[in-house]
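Residue numbers (my numbering): 4 to 448.
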């Protein structure tokens, strides 16, 4: 559908959107949501977002007044207040599917016209999947404890729960436990490796660890000078080997070689960042920084790992090759994750010796203030969402839509993790969101 169709909503006199649109709360909300699915060149939809945002915010005030003054309209107003407030914070485009379902249960119940039987069925369905997720998390927690990372790697962050939450954003369906748990393990191990390269290892140790990753041989363990290196390296290789063994057991292709090559690229980027950190007062240009740090966002690795765990049917190799080639939709997800993460965490991370973030790089290069820099980054992030939309509207030949959906799912969970603060690092701040999805009963709605 062409964005030109939205011209009918514009005022012929002044060129802006018709004021008559502002009287329809539900219509305005739908217009707001639809406008976020724009692609490059659809300026009218950018105007629509600004128009809808302004009037929805004003409408919230009116809806609050309606709730307090008129009991007869209270239910209607409460429903709209909650839905509009939620949409202004995170439109559907940026909402992970599972969180979207959980929120909609609340919104639907408060509609006067809701069907109690349909609501009960939806709750039952959500609850059954939630039980599967709880079982997966119990398995992951046992793996983490059995690995004894807390004692062997006391300097590293324990983020197994947060890693699982991240994985649910990509694969929430009950039949995808293997993909979900494998991605969660990978994220938790990458968090350990990130802590090693960021703060714990010496430059000489990091060089040895990097060289071992390029050889990808368990025999390298004997060459490591420190025990922590052996633990992290073994955990990484064991995970990849386990995924490969499962593929062979299920008599489907193993895509471990693609995963390994992507991991080698990530390790090279980790080492480059570590070398920057050890150079006194060195701040790379924005372009130089992003050319390296976007690789450590690991979105291609997550996508290929998930695809490597699927069966019935298994993912064809052409999809793996396309994903590993760093297509535009993967680049967009990398940018969203890296830049949002940097904006959310750069102040905290600069309190210790740490590689400069994209914020520091841009400020130094352009003489910009922090506020100006964040504004520029926000604009660039909006462009990346358009890249994602374009890729999904016109998928590459030979890439099935279900596979495109998985790659698209990489983006929304990043918005949840990094929009207001770095929730992945600040585990306490993330507790309520995790509980809302994994432990809070839908029967309390």
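Note that beta-carbon positions come from the ideal geometry of N, C-alpha and C, so glycine has one too.
Taking all protein chains shown into account, do 16 or more other C-beta atoms lie within 10 angstroms of the C-beta of residue i, making it buried, or fewer, making it exposed?
{"i": "residue 400", "result": "exposed"}
{"i": "residue 323", "result": "buried"}
{"i": "residue 390", "result": "buried"}
{"i": "residue 243", "result": "buried"}
{"i": "residue 221", "result": "exposed"}
{"i": "residue 61", "result": "exposed"}
{"i": "residue 148", "result": "exposed"}
{"i": "residue 412", "result": "buried"}
{"i": "residue 67", "result": "exposed"}
{"i": "residue 206", "result": "exposed"}
{"i": "residue 1", "result": "Nothing can be reported for residue 1: it is not among the residues displayed for the chain, which extend from 4 to 448."}
{"i": "residue 214", "result": "exposed"}
{"i": "residue 392", "result": "buried"}
{"i": "residue 120", "result": "exposed"}
{"i": "residue 509", "result": "In the structure as shown, the chain begins at 4 and stops at 448. Residue 509 is therefore absent and cannot be evaluated."}
{"i": "residue 240", "result": "buried"}
{"i": "residue 123", "result": "exposed"}
Taking Cβ positions, are residue i and residue j nearer each other than 8 Å?
{"i": "residue 86", "j": "residue 32", "result": "yes"}
{"i": "residue 448", "j": "residue 108", "result": "yes"}
{"i": "residue 258", "j": "residue 321", "result": "no"}
{"i": "residue 272", "j": "residue 293", "result": "no"}
{"i": "residue 190", "j": "residue 152", "result": "no"}
{"i": "residue 93", "j": "residue 440", "result": "no"}
{"i": "residue 394", "j": "residue 332", "result": "yes"}
{"i": "residue 188", "j": "residue 146", "result": "yes"}
{"i": "residue 261", "j": "residue 336", "result": "no"}
{"i": "residue 267", "j": "residue 216", "result": "yes"}
{"i": "residue 158", "j": "residue 198", "result": "yes"}
{"i": "residue 380", "j": "residue 165", "result": "no"}
Tell me the DSSP bridge mates of residue i?
{"i": "residue 13", "result": "20"}
Rounding to the nearest angstrom, what Cα-Cα distance links residue i and residue j in this structure?
{"i": "residue 10", "j": "residue 21", "result": "10 Å"}
{"i": "residue 53", "j": "residue 139", "result": "41 Å"}
{"i": "residue 304", "j": "residue 19", "result": "44 Å"}
{"i": "residue 143", "j": "residue 136", "result": "10 Å"}
{"i": "residue 118", "j": "residue 319", "result": "42 Å"}
{"i": "residue 224", "j": "residue 156", "result": "16 Å"}
{"i": "residue 132", "j": "residue 279", "result": "45 Å"}
{"i": "residue 91", "j": "residue 229", "result": "49 Å"}
{"i": "residue 112", "j": "residue 265", "result": "45 Å"}
{"i": "residue 231", "j": "residue 344", "result": "26 Å"}
{"i": "residue 127", "j": "residue 363", "result": "48 Å"}
{"i": "residue 341", "j": "residue 15", "result": "42 Å"}
{"i": "residue 339", "j": "residue 245", "result": "30 Å"}
{"i": "residue 397", "j": "residue 407", "result": "10 Å"}
{"i": "residue 234", "j": "residue 160", "result": "14 Å"}
{"i": "residue 431", "j": "residue 263", "result": "33 Å"}
{"i": "residue 378", "j": "residue 370", "result": "14 Å"}
{"i": "residue 176", "j": "residue 368", "result": "45 Å"}
{"i": "residue 74", "j": "residue 172", "result": "Annotation note: pLDDT 49 at residue 74 (below 50); position unreliable, no value reported."}
{"i": "residue 35", "j": "residue 372", "result": "31 Å"}
{"i": "residue 286", "j": "residue 296", "result": "13 Å"}
{"i": "residue 366", "j": "residue 375", "result": "9 Å"}
{"i": "residue 284", "j": "residue 385", "result": "31 Å"}
{"i": "residue 210", "j": "residue 179", "result": "36 Å"}
{"i": "residue 442", "j": "residue 238", "result": "28 Å"}
{"i": "residue 438", "j": "residue 446", "result": "14 Å"}
{"i": "residue 65", "j": "residue 46", "result": "29 Å"}
{"i": "residue 27", "j": "residue 403", "result": "38 Å"}
Spatial neighbours of residue i within its chain, please: C-beta separation below 6 Å, excluding the five flanking residues on both sides.
{"i": "residue 48", "result": "6, 38, 41"}
{"i": "residue 2", "result": "Because residue 2 is not part of the residues shown, which for the chain are 4 to 448, the question remains open."}
{"i": "residue 317", "result": "255"}
{"i": "residue 25", "result": "58"}
{"i": "residue 420", "result": "426, 427"}
{"i": "residue 227", "result": "233"}
{"i": "residue 95", "result": "36"}
Counting only the same chain and skipping the five closest in sequence on each side, list residues whose C-beta sits under 7 Å from that of residue i.
{"i": "residue 182", "result": "174, 309, 312, 313"}
{"i": "residue 357", "result": "201, 280"}
{"i": "residue 104", "result": "129"}
{"i": "residue 291", "result": "none"}
{"i": "residue 208", "result": "228, 229, 232"}
Who are the Cβ neighbours of residue i in its own chain at under 8 Å, not counting the five residues just before and after it?
{"i": "residue 106", "result": "89, 98"}
{"i": "residue 425", "result": "344, 347, 348, 351"}
{"i": "residue 383", "result": "338, 342"}
{"i": "residue 56", "result": "35, 91"}
{"i": "residue 1", "result": "The structure shown does not extend to residue 1, since the chain is modelled only from 4 to 448, so the question has no answer here."}
{"i": "residue 269", "result": "193, 298, 299, 301, 304"}
Looking at the ligand MG, does it come within less than 7 Å of residue i, judged from the CB to the closest heavy atom?
{"i": "residue 14", "result": "In terms of ligand content, the structure shown is empty, and the ligand MG therefore cannot be addressed."}
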